[in-house]
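J.: Residue numbers (my numbering): 11 to 366.
Quick reminder that beta carbons are idealized off the backbone N, C-alpha and C, glycines included.
Treat the numbers as computed from the prediction; the structure is a model and nothing was measured.
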């Protein structure tokens, strides 16, 4: 009886982490290949397998001819993925600007690097930042009128010129983006970059928070060819997208049953490096009187509850070891994370409303 044998080998992995989660990884994140990438994987005999931390790309090295043909003979191959997060408060828990209208995160191995880790990071800093977010464009890209006749270029993420044009003096010019694959592009006006943007293709995934491109070129291409030819090559390339939890100023708004009695209250903490200023008597939007306590420094948001904060009622301002009113104050609700302004560097507060 004829037996078909397979020898699968991991070609590379892509993992997503977030310091908000206790285990760093979470099923909230999903990496989904685009339709074009699924077709390419099928042609190459490659399996794109989702796991609990990201995705694993596997190849059948027992039949290397097809894989080697694509890697050695075909130029510009890439796998493109949509990055999803089902956590409805992703922006609240993530250290990113709170204003994200018409933008998308973009990651690529064309600038991958290592920072004290085995994995190659797909972003510029140790964690995902505002530098990894780009405006989204589709349809036609309009270049404003120039004062003189100007040469124009549309380039892809690898710096290859895809389209050229000449803008006549005092007239706008449009590049047609229809038909271009998903990816990051830049517009060059004269010899200067006008804008870098993400194009989401003809079938954009409107629920995605990011786009990831893994180019099968350069060092990765050489590694894959070696893995396929030698089979028992020990290490495979591991890529990583690392998000950092947002840190906010925690603001406790204590609403007492009676208007007085908390003038000398304090918040005791289980960490000597954490302190709260207050109380400050304020009036809430609904007219209720409240006593406000605010952390002196920002505190990271976390899926777990690592802090123990106690509300104490002291007899006077000099006392700080009074009677415990609330043994464990609640941690912030993710729905009450509020920036002070709309600027990227705005202070962000977490309001915690407590009735006693």
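Taking only runs of the beta strand (DSSP E) that begin and end inside the region 104–148, which ones reach a length of at least 3 residues, in chain order?
T.: Those beta strand (DSSP E) runs which fall completely within the region 104–148 and span 3+ residues are 113–118, 143–147.
J.: What's the gap between the Cα of residue 157 and the Cα of residue 253?
T.: 43 Å
J.: Do you know whose CA, among 198, 20, 219, lies nearest residue 116's CA?
T.: Taking only the C-alpha atoms, the option nearest residue 116 is 219.
J.: Check each candidate in 349, 261, 216, 233 and name the one with the smallest Cα separation from residue 362.
T.: 261
J.: Going by DSSP in three states, residue 70 sits in which element: helix, strand or coil?
T.: strand
J.: Helix, strand or coil for residue 85 per DSSP?
T.: coil
J.: How should residue 342 be labelled, buried or exposed, when 16 other C-beta atoms within 10 angstroms of its C-beta is the threshold for buried?
T.: buried
J.: Residue 312 bridges to which residues according to DSSP?
T.: According to DSSP, residue 312 bridges with nothing at all.
J.: Taking 6 Å as the limit between beta carbons, can you name the residues of its chain near residue 352, skipping five residues before and five after?
T.: 109
J.: Taking the alpha-carbon positions, what's the residue 305 to residue 43 distance?
T.: 43 Å
J.: What would DSSP say about residue 236, mapped onto helix, strand or coil?
T.: Taken through DSSP and simplified to helix, strand or coil, residue 236 comes out as helix.
J.: Under three-state DSSP, which class holds residue 78?
T.: helix
J.: Considering only their Cβ atoms, is the gap separating residue 322 from residue 333 smaller than 8 Å?
T.: Here residue 333 is near residue 322, since their CB atoms are less than 8 Å apart.
J.: Let's test the definition: count the other Cβ atoms within 10 Å of the Cβ of residue 180 and tell me whether it reaches 16, buried, or not, exposed.
T.: exposed
J.: What residues in its chain sit with their C-beta under 6 Å from that of residue 11, if we drop five residues either side in the sequence?
T.: Only weak support exists for where residue 11 lies, its pLDDT of 46 falling under 50; the value from the coordinates is given anyway. Within the same chain, and ignoring the five residues on either side of residue 11 in sequence, no residue has its Cβ closer than 6 Å to its Cβ.
J.: Can you tell me which residues form a DSSP beta bridge with residue 217?
T.: Here residue 217 is not bridged, per DSSP, to any residue.
J.: Residue 54: buried (16+ other C-beta within 10 angstroms of its C-beta) or exposed?
T.: buried
J.: Going straight from the alpha carbon of residue 166 to that of residue 151, what length do you get?
T.: 14 Å
J.: DSSP on residue 11, reduced to helix/strand/coil?
T.: Bear in mind that the predicted position of residue 11 carries a pLDDT of just 46, short of 50, making it too unreliable to give a figure here.
J.: Within its chain, find whatever has a CB closer than 8 Å to the CB of residue 318; leave out the 5 residues flanking it on each side and keep chain order.
T.: The residues are 279, 280, 338.
J.: With a CB to CB cut of under 6 Å and the five nearest residues on each side skipped, what residues in its chain are close to residue 175?
T.: 162, 183
J.: Can the beta-carbon of residue 256 be found closer than 8 Å to that of residue 23?
T.: no
J.: Which residues does DSSP list as the beta-bridge partners of residue 93?
T.: DSSP output for residue 93 lists 41, 220 as bridge partner(s).
J.: Where does residue 27 land, buried or exposed, given buried means 16+ other C-beta within 10 angstroms?
T.: Within a 10 Å sphere around the beta-carbon of residue 27 sit 16 or more other beta-carbons, which makes this residue buried.
J.: In three-state terms, what does DSSP make of residue 344?
T.: helix
J.: So who's on the other strand from residue 192, going by DSSP bridges?
T.: Its beta-bridge partners do not exist; DSSP assigns none.
J.: Kindly confirm or deny that the region 207–226 and the region 189–196 touch, where touching means at least three C-beta pairs closer than 8 Å.
T.: Because the criterion of three Cβ pairs below 8 Å is met, the region 207–226 and the region 189–196 touch.
J.: Can you give me the C-alpha to C-alpha distance between residue 160 and residue 148, rounded to a whole angstrom?
T.: 23 Å
J.: What are the boundary residues of the beta strand (DSSP E) that residue 162 is part of?
T.: 160–166
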